[in-house]
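Chains as they are written, first to last, in the numbering used here: chain A, 437 to 753; chain B, 171 to 501; chain C, 171 to 501; chain D, -12 to 253; chain E, -12 to 253. Below you'll find the structure, written out as structure tokens, and then a few comments.
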Ligand SMILES: Nc1ncnc2c1ncn2[C@@H]1O[C@H](COP(=O)(O)OP(=O)(O)OP(=O)(O)O)[C@@H](O)[C@H]1O
Ligand SMILES: Nc1ncnc2c1ncn2[C@@H]1O[C@H](COP(=O)(O)OP(=O)(O)OP(=O)(O)O)[C@@H](O)[C@H]1O
Ligand SMILES: [Mg+2]
Ligand SMILES: [Mg+2]
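This is how it looks when you write it as structure tokens:
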């Protein structure tokens, strides 16, 4: 709901009072705790800055039409800036370009666009780096054991999914298609799907000892399957996200290590940048890495990490 | 054609037939619901009724609006098409990839061929093998979707400007800015309306949906009619694919995943029976507009996405309730 | 009960009725399809027929298998339930959150209350307001789903061990390891089979689905029957929610989003007509197993996910074709 | 149009019933009287409104105007269940059978028999065997050549279906039995059986309303004949005082009824 | 069972038709002969297999055994379309009307009239006005009280629906017209109209097969009577040589047919 009543069209002019600043937030979906955190942080930051956030979302992961419609509607409502977690597709670029032509500053959160300069600025996790961190931890935890790797990916073709996947393999020191990779399934980052996939994979790869997971729900699902098969002590599980549930799971020993990212920072920085633009006309630019940290209670020599106590203080969701 | 001589013509009942025909197609309920929604949002929000917003609303409805016509045809025969969105997406990828290789016009033609072929596969399975449409199209949905992913290598392909994005071009009607896509959508509605109400094929579609056994006994080629409808839905999906490229100039194998449910919703809110044989394509247009207006109006009112979902769910049920009440009045 | 005296009893036709009744429920087609699938995969892969794999297959089918029973009941009345998965998920969240606050038993009871209430909302809209089930349950699906997200704050909640995960406990049958969830699923099938075939309520469900006008004229309380079916589907969703917590001890507001399509697929493959009035709950069990066997067998054969989808799509259609052929033979 | 008479021997009566469908008036101020223990035939042209009248009397249709009384007390049936609860059983013209269910189930639909003992009371198990047995018995009486009561109704011939609907009604009616063209699809012999059945029902003391186009049979069984014309009762005649030709003439309007006949007969 | 006769005056004939449904044998070695320019009545008990026979003759059902010939040439109709293409039009017992479509559309279903000129040939536009006009004319002849041909068939009374089905068939039959109990739901006057219509059709030179349980009308219009019993032809009798009681006795098996009658009559 809105208290303010801003009829001003989308003009590029600067110097308006911050209290009139309307900011649009477009996430991929509205049902993922990560996006919920983005929304909440954006709203908090906006309140602090005296701005207002209108949050919209696609209907499913990959809903270009939904994101494009959201951008169009936000521009029609006269927002000053749009924060968006863009779908991997280039499908929304035209809409972003139109919005920018209308004088709206567009900032990508969490996921970069392709090309990156389709937006004014990007505040995101370096997902490749996050993947490398996960891979290097798992590799270190295996020690000198011969790796037998299972990959639980997200959605085929997703930008973030690809970065994490490639980063993990780089961290493990493996090539795509290496014989050490014994199995791969897509889970859409869904716990149920991950559990089913892992159950089936374990039938085929009973000797697996290293597991890549696209996110923490996938890791939790996989763990359930691993536990049923009695292989908890055989497999090292790595993950990415840093949600509070995920950190708890690290503490419980469900996940060996997870790479934390910081959605709160992304959203807060984004809101500040729009408010700044509204006040001074200065547009943000470039890619800002909002940081990644390994969380584990079994730190390994040579890999920087924090423990779960620190994790619980900094987690999201 | 043999027919007995007809000296005796009853003086009655040829008058007013047109009007009664219109009212009998029970559009009154959906229309009322649409009007109420428009009025409420105009009063409740500042910018809902702006021409800019209404123009946007129409543009955002084009792809689903076109697909819903194909869905109407299929539902009128007592079937259902869960593959309709997947066929359109396959169409966009063929348009982009073949277009890249052989030029946009060839790409467009290839899209038509592929979409009609996809529709025809459904048609053969339903009409010739006599399988339940729900299972057939669920199966082909899975197949077409996976085939699209494989064909695209899970990549997106940008449109080559020009022919491919023609339906996205703006059109200034003086008071109103719109796109050729919106006109194309309206054209599809008019053509199919004409077919359904003014030609024998249309009457056969209603007959096959209303009572397939009886239709066969009176000598309608039920299989041919069924096949035709599914092939036609494929053709309409090709038009939707073209409009989709105009709207978002990128072929994305993951787009429009909810198209099936959204088109079915538009059809049912528009008063067409899922049991077949009763309904109209203009009902579908209204049904589709009702959902678009709700979405757009709630956004204009600044309602957050989750609450918007709840509101849409409730309002859709309310719209159908209104329709039900109106029909009982009319009876 | 008044009935005329019946001195004259025809010597015919009371024998063999049971067997004919079984065959008339056209389970032969689906059964054959299932057998073929099992044989093919046993030959084609090494580990498909291992007890471990079969046990997994059953465990993975439990939640959808239970929900499919509710879906069968609703489809038998000529309806459809798109909200069935959303109700079950809401159930898991209530179980976890109320369980956290008041203990697991209260949580379980709360789940039953909430799920039955959710089913009853559908029931009132369909039975009393006479709205089309497709739209009603699509609307309530949206509402229940969004409400679950709001209730959960889009977070997942872990199960408290014990009562909540009881249906996930393993059970050693000597040759075969299974879970209590699998037994619960079978129990739901048996109970509903009994209701459908051995009680008056069951006959009324068939009658209401077969010809609602006639059912009303012969004095069946059609509204009561319809309402009961939707409420019962809610109760079954509560059982499914319990089983889901046993299988994956986390209440996740985003789980089981494809449950609706999957249950409908199982019902239709099992030979139940989407037009209502014809079908059986054991058909659904077989239909569900067919899909599970296909998935599991293709996984065991090491087929990639996308190709698996294509194969599943084609095989599902093949299974239904087989059923169709078997039925024509029988006729 | 006067208030319903409280004639003690009148079981079911109606005054001034009206039912409109848009521009069509199916019932146009119809009166109706059924007396205790009689067979009342209702005849009239196609589209005269006979079925609509019967539907209004049995709760299948709610009249726009007019009143109905049962045993002198005014009633208003909201649906067929209400009418059945009051003991009125009806064979509708469109039969109201469920094609996909078997014959025995159709006969007992809505008043199934349960097994004796705990199986029936607690587990509510149907006594299918008994229902099949008794349904077979009832149907055998009609001699319509049904071989097995476990056949689905959709596999029956037109006449056999009608037989199923007739048997159901005859077996369960307590207060009034109404049959809308019960013999339309029946053969000569089967029609005879139904006429015989109607006599037997009357002899049990239950009055019967019989709608039929079959004049010889109407004259064979009816105590009084209600002539319906243009949506209302045109006359009630005594078959002993009028012959078939006269009744047909009354039906088509070629002949004017006497004042007494116009007012509902003696 | 001999090969179909090639009697030059026989239009439609069948030999040894068999159709089984599981344990039920609906047609059990039936023969059939329709001669040019005659009205052939087919009578028999309920469930005797009359409708099944007619369905087999008109492509609505594929017999398991036996042969059918039209004009002396053996034919095998895969569906009703084939039979219609050969000029055989049928009123089926269950009417085959589409409830949700209007009367005019139902009458012309499958052979719609198109507008003259380019509208009809290129745009394939229906000539609704003409179809309504002509359908109204045909129906007016039957006097079944239909007020508007733009009414949906589902709003018609039972008899009116039957009238629509009869009109459709009568208007379009070219070679043979078959009517399965066309007057079952019709009133006295309306039945008279249909019988009159059948006579007119015969006078146009088109032979008619009439299935009916209504003996007086059968005797009024039929040139020959085919008696069906237990799934096969029991006799073909000449109504001028047999009275109603005898025919009914033949139907029920109480009377034995003469050898000539057994073999298909004179
Ligand atoms: N639902 C309806 N909508 C419109 N008209 C209707 C409806 N139901 C009945 N009618 C009309 O009311 C009139 C009376 O119909 P009804 O069925 O009562 O006649 P009937 O006397 O039983 O005729 P029949 O002897 O042919 O059965 C008919 O003209 C019919 O078209
Ligand atoms: N699809 C079917 N399945 C099983 N039995 C059938 C089927 N169709 C017809 N029969 C049976 O075949 C027999 C003949 O039916 P048919 O309809 O031909 O009789 P009919 O002589 O037309 O009777 P009526 O005078 O009652 O119309 C009946 O006993 C019927 O039950
Ligand atoms: Mg009637
Ligand atoms: Mg018959």
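All C-beta atoms in this analysis are idealised placements derived from N, C-alpha and C, irrespective of residue type, glycine included.
Asked	Found
Beta-carbon proximity check, residue 603 (chain A) vs residue 568 (chain A), cutoff 9 angstroms	yes
Within chain C, the residues that residue 302 (chain B) reaches when beta carbons sit closer than 7 angstroms	438, 444 and 490
Whole-angstrom distance between residue 162 (chain D) and residue 201 (chain B), CA atom to CA atom	48 angstroms
Other residues of its chain near residue 348 (chain B): CB distance less than 8 angstroms, five sequence neighbours each side excluded	225, 228, 229, 340 and 341
Short Cβ contact (9 angstroms threshold) for residue 464 (chain C) with residue 440 (chain C)	no
Entirely enclosed alpha helix (DSSP H) segments - the stretch 615 to 643 of chain A, minimum 4 residues	627 to 640
Extent of the continuous beta strand (DSSP E) to which residue 8 (chain D) belongs	-3 to 8
Local conformation of residue 65 (chain D) per DSSP, three classes	coil
Under 9 angstroms between C-beta atoms of residue 583 (chain B) and residue 645 (chain A)	With chain B covering only 171 through 501, there is no way to say anything about residue 583 (chain B).
Residue 200 (chain D), DSSP secondary structure in three states	coil
Distance cut-off 8 angstroms: residue 172 (chain E) Cβ against heavy atoms of ligand 3	yes
Which residues DSSP lists as bridging residue 492 (chain A), in chain order	A:462
Beta carbon of residue 657 (chain A) nearer than 9 angstroms to that of residue 627 (chain A)	yes
Meets three-Cβ-pair contact criterion under 8 angstroms: the stretch 493 to 504 of chain A and the stretch 685 to 692 of chain A	no
Proximal chain A residues relative to residue 480 (chain C), where beta-carbon distance stays under 9 angstroms	Near residue 480 (chain C) there are no residues of chain A at all, since even the closest Cβ is about 14 angstroms away, more than 9 angstroms.
Endpoints, alpha helix (DSSP H) assigned at residue 125 (chain D)	115 to 129
Residue span of the beta strand (DSSP E) that contains residue 78 (chain E), given as start and end	75 to 78
Limits of the unbroken beta strand (DSSP E) element including residue 213 (chain E)	211 to 216
C-beta neighbour in chain D for residue 383 (chain C), strict 9 angstroms	yes
Contact with chain D by residue 434 (chain C), beta-carbon distance below 9 angstroms	no
Buried or exposed by the 16-neighbour rule on C-beta atoms within 10 Å, applied to residue 231 (chain E)	exposed
Under 9 angstroms between C-beta atoms of residue 486 (chain B) and residue 395 (chain C)	no
Selected residue, minimal CA-CA separation from residue 453 (chain B), among B:421, B:447, B:410 and B:436	B:436
Sequence-ordered residues whose beta carbon comes within less than 7 angstroms of a heavy atom of ligand 3	D:37, D:38, D:80, D:167, D:168, D:198, E:144, E:145 and E:146
Within chain C, partners of residue 487 (chain B) - CB distance below 8 angstroms	295, 301, 305, 306, 309 and 310
Those residues which DSSP pairs with residue 19 (chain D) across a bridge	D:1
Ligand 5 heavy atom lying under 8 angstroms from the CB of residue 200 (chain E)	Absence of ligand 5 from the depicted structure is noted, with ligand 1, ligand 2, ligand 3 and ligand 4 being the only ligands included.
Straight-line gap, residue 82 (chain E) to residue 171 (chain E) (C-alpha atoms, nearest Å)	11 angstroms
Chain D contact for residue 83 (chain E) (CB, 9 angstroms cutoff)	no
Chain D within 9 angstroms of residue 33 (chain E), Cβ atoms only	yes
Where the stretch 48 to 61 of chain D meets chain C: residues whose CB sits under 9 angstroms from a CB there	none
Cβ-heavy atom distance, residue 334 (chain C) to ligand 2, below 8 angstroms	no
Any C-beta of chain C under 9 angstroms from that of residue 658 (chain A)	no
Residues that residue 11 (chain E) bridges to, as DSSP identifies them	E:8
Members of the stretch 157 to 181 of chain E that neighbour chain D once the beta carbon cut-off is set at 9 angstroms	167, 168, 170, 171, 172, 173, 174, 175, 176, 177 and 178
Chain D contact for residue -7 (chain E) (CB, 9 angstroms cutoff)	Reliability of the predicted coordinates at residue -7 (chain E) is poor, the pLDDT of 45 falling under 50, and no value is obtained from them.
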